[in-house]
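Trainee: Shown below is the structure under consideration.
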Amino acid sequence: MDITPHSGISFSASDASAINFSLTTHKVHFDSTLVGDYKLLNFTWFEPPAPSQAPLASSPPMKAPTHRASPSSPSSTSNKGKHSNLILIFGIGTSLLITAIISVLIICSCAFRGRKSKASPKETAKPRLLLLLFVLSTVSIGWVNSHEESGKWSCESDSEIRVLAEFKPGLITLDGHVDDWEDIDGSEFSLLPALDPHAEHEYKGGKMNVKALHDGHDVYFLLQVDGEYAYSKGENTRCPSIALMFQIGEDATYHNMGGCKEGTDSCTSKTCKGHEVDIMHFSIGSAIPGRLYGGNPVDNSEGNGGDRFGHLVDVYAWTPHCRYLDGMGPSGNDSSAQNDWKGAWWHSSFSVHSGFVEEDSPYASGGQKGTYYFEFSRPLRTMDHIQQDVQFKIGESSKLSVAFWYPVDRNPWHGSGHYTINCDWVPLDISSGSSLLTKSAPGSSGGSTASVFALLLSVVSLCVSVFVGYRVIKPNSVPFTPMENL
1 MDITPHSGIS FSASDASAIN FSLTTHKVHF DSTLVGDYKL LNFTWFEPPA
51 PSQAPLASSP PMKAPTHRAS PSSPSSTSNK GKHSNLILIF GIGTSLLITA
101 IISVLIICSC AFRGRKSKAS PKETAKPRLL LLLFVLSTVS IGWVNSHEES
151 GKWSCESDSE IRVLAEFKPG LITLDGHVDD WEDIDGSEFS LLPALDPHAE
201 HEYKGGKMNV KALHDGHDVY FLLQVDGEYA YSKGENTRCP SIALMFQIGE
251 DATYHNMGGC KEGTDSCTSK TCKGHEVDIM HFSIGSAIPG RLYGGNPVDN
301 SEGNGGDRFG HLVDVYAWTP HCRYLDGMGP SGNDSSAQND WKGAWWHSSF
351 SVHSGFVEED SPYASGGQKG TYYFEFSRPL RTMDHIQQDV QFKIGESSKL
401 SVAFWYPVDR NPWHGSGHYT INCDWVPLDI SSGSSLLTKS APGSSGGSTA
451 SVFALLLSVV SLCVSVFVGY RVIKPNSVPF TPMENL
């Protein structure tokens with residue numbers, strides 16, 4: 001169509017194009033029964049007036065055709081895109097914030113339940129941790145050695161250290177070697193003199209690492225301590241020696257090996273009832289490295305806790321001067337007793353690992369730097385009927401101490417000259433294999449329900465965020481309706 005402007009009026013190319021576009025979208029229909037013929041004479045183009053400053057009542061919007069874009073469509077589309085992006089960002093940010101809050105609630109809930117589980121009365125019974133103070137007179141259990149303290153007894157115990165015996169079945173071979181203990185965590189202790197537990201007199205060779213575990217039937221111990229190799233066949237006091245002590249009676253104290261007030265002439269199972277302690281003592285002067293010692297058919301048949309082959313003996317005591325082999329005592333012997341302990345020793349300087357015999361003594365050159373390993377086992381429960389053995393129970397704690405004798409500067413040690421891991425009892429926790437999964441404090445079921453609900457809420461919030469994002473991104477197109485159908 002040719003557009004001829006009226007006098008005094010001119011159109012730019014863009015205006016002409018807009019007029020042409022407008023004309024193509026406007027049609028006039030005539031009823032042929034009423035109008036015969038017609039001729040277009042002229043038409044007038046009106047420019048839209050300038051917008052008024054006052055608000056105008058808006059008329060209902062007309063549906064615009066969508067097959068062509070009007071001149072004003074780019075700016076409106078841009079505004080809608082920006083608005084949609086803002087809604088999308090806001091929706092996603094809100095959902096992420098909700099998810100983060102719920103995750104924090106879940107973590108806090110789990111941590112709270114963990115603290116309540118640790119506070120179980122049986123497992124946190126604060127046993128007073130401190131060092132072993134007992135003296136086995138001569139190493140052949142000669143029962144009268146001096147055990148006098150050099151001054152007033154004082155003790156600063158580390159009450160936070162514990163020894164944990166985890167459930168690890170089928171893991172340990174009792175041979176003195178430590179390869180099978182590599183993955184077991186231990187507790188490290190400074191070794192202080194039993195009668196004068198002060199840091200300035202600490203054992204110079206190094207600290208002692210104590211490891212323990214159980215398999216549901218036996219409990220196992222590994223004690224390792226650095227020290228130059230010292231061995232003299234048949235002379236126990238010129239070789240290292242080790243002992244474990246456990247509380248049996250409820251009144252048995254670490255200090256004074258049970259703490260009974262009776263003297264050597266009056267201490268009996270009646271006068272010292274409640275002060276019993278259980279002792280395992282191993283002197284290696286007659287023991288071949290890597291060989292098993294302790295309970296054996298010969299000594300057990302005689303009904304006592306002795307070991308005539310390697311001097312790994314089972315002892316009980318009420319005081320340092322009232323201690324006896326199991327089955328023996330001031331009131332007579334009991335034939336039902338036996339030695340329930342077994343153990344072996346090793347030193348890291350040994351170059352032979354296939355096994356030693358007695359003719360190989362002294363097994364290595366003296367003075368070599370290295371580490372001593374002492375490995376022991378005993379049933380959790382024994383056949384003791386006369387209160388001479390500690391009885392371990394899975395899921396509960398016992399009280400433990402460890403003593404170590406060493407020929408410092410190659411001088412023979414004496415009975416009361418030993419080092420200990422602490423100046424009071426150390427808690428020994430016999431853990432249950434499923435305690436971390438099944439044992440929980442009261443109210444833990446409510447915590448589990450809360451966790452499940454929180455997880456469900458997280459999933460719902462994630463679904464809502466996805467739905468909001470989809471609705472925002474989805475194109476909001478209007479279907480095209482031809483003018484003829486209006």
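When you line the sequence shown up against full-length UniProt numbering, it's residues 1 to 486, in that order. C-beta atoms are modelled at their ideal positions from N, C-alpha and C, and glycine is treated no differently. All figures in this text were calculated on a predicted structure; none of them were measured in a lab.
(1) For the beta strand (DSSP E) holding D314, just list the boundary residues, first then last.
(2) Buried or exposed: where does I473 fall if 16 or more other Cβ atoms within 10 Å of its Cβ makes it buried?
(3) Report the three-state DSSP secondary structure of L244 (helix, strand or coil).
(4) Use the C-beta contact count for V298: other C-beta atoms within 10 angstroms, 16 or more gives buried, fewer gives exposed.
(5) Would you mind stating whether Y419 and P193 have Cβ atoms separated by less than 8 Å?
(6) Mind checking which residues open and close the alpha helix (DSSP H) that includes V178?
(7) In its own chain, which residues sit with a C-beta less than 6 Å from the C-beta of G306, not counting the 5 before and 5 after it?
(8) Tell me the DSSP secondary structure of C322 in three-state form.
(9) Using C-beta distances below 6 Å, list every residue in its chain close to G443, excluding the 5 sequence neighbours before and after it, in chain order.
(10) Suppose you measure from the CA of residue 487 to the CA of K168; what does that come to, to the nearest Å?
(11) Is it true that the CB of G290 sits closer than 8 Å to the CB of W346?
(12) Which first and last residues belong to the beta strand (DSSP E) in which V210 is found?
(13) Contact between the stretch 370–390 and the stretch 234–252: three or more CB pairs below 8 Å?
(14) Who are A403's beta bridge partners in DSSP?
(15) Taking the beta strand (DSSP E) that V352 falls in, what are its first and last residues?
(16) What three-state label does DSSP hand P412 in the structure shown?
(17) Under the DSSP definition of a beta bridge, which residues are partnered with E375?
(18) Would you mind sorting E250 into buried or exposed? The rule is 16 or more other CB atoms within 10 Å of its CB.
(19) Please classify D360: does DSSP put it in a helix, a strand, or coil?
(20) Whole angstroms are fine: how far does the CA of K233 sit from the CA of L292?
Mentor: The answer reads as follows:
(1) For the purposes of this step, residue 314 is taken as the residue at position 314 of the sequence shown. DSSP places D314 inside the beta strand (DSSP E), whose first and last residues are L312 to T319.
(2) Locating residue 473 in the sequence shown gives position 473, where the first residue counts as 1. Exposed is the call here.
(3) Position 244 of the sequence shown holds residue 244. Shown here, L244 sits in a strand according to DSSP, grouped into three states.
(4) Here residue 298 refers to the residue found at position 298 when the sequence shown is read from its first residue. Exposed, because fewer than 16 other Cβ atoms sit within 10 Å of the Cβ of V298.
(5) In the sequence shown, counting from the first residue as 1, residue 419 sits at position 419. In the sequence shown, counting from the first residue as 1, residue 193 sits at position 193. In contact: Y419 and P193 (Cβ atoms closer than 8 Å).
(6) Position 178 of the sequence shown holds residue 178. Counting along the chain, no alpha helix (DSSP H) covers V178, and no H or E run does either.
(7) Numbered from 1 along the sequence shown, position 306 holds the residue referred to as residue 306. Sequence-distant Cβ neighbours of G306 in its own chain, meaning closer than 6 Å and more than five residues away, are D299, V313 and L325.
(8) Here residue 322 refers to the residue found at position 322 of the sequence shown. Secondary structure at C322: strand, using DSSP grouped into helix, strand and coil.
(9) Position 443 of the sequence shown holds residue 443. For G443, the predicted model reports a pLDDT of 45, less than 50, meaning its position is unreliable and no value from the coordinates is stated.
(10) Outside the shown range of the chain, which is 1 to 486, sits residue 487, and nothing can be said about it.
(11) Sequence index remark: in the sequence shown, residue 346 carries index 346 (1-based). Sequence index remark: in the sequence shown, residue 290 carries index 290 (1-based). It is a contact, given that the beta carbons lie within the stated cut-off.
(12) Position 210 of the sequence shown holds residue 210. Counting along the chain, the beta strand (DSSP E) containing V210 begins and ends at M208 to H214.
(13) The stretch 370–390 is in contact with the stretch 234–252.
(14) As a position in the sequence shown, residue 403 is number 403, starting the count at 1. DSSP lists A243 and T420 as partners of A403.
(15) For this step, residue 352 is matched to residue 352 along the sequence shown. Annotation for V352: no beta strand (DSSP E) segment contains it, and DSSP assigns it neither H nor E.
(16) The residue given as residue 412 occupies position 412 in the sequence shown. In the structure shown, P412 sits in coil (DSSP, three-state: anything other than H, G, I, E or B).
(17) Against the sequence shown, residue 375 aligns to sequence position 375. DSSP lists L222 and A344 as the beta-bridge partner residues of E375.
(18) Sequence index remark: in the sequence shown, residue 250 carries index 250 (1-based). In the assembly as shown, E250 is an exposed residue. Its beta-carbon has fewer than 16 other beta-carbons within 10 Å.
(19) Here residue 360 is taken as the residue at index 360 of the sequence shown, counted from 1. Assignment of D360 by DSSP, reduced to helix, strand and coil, places it in the helix class.
(20) Numbered from its first residue, the sequence shown carries residue 292 at position 292. Numbered from its first residue, the sequence shown carries residue 233 at position 233. One C-alpha to the other measures close to 17 Å.
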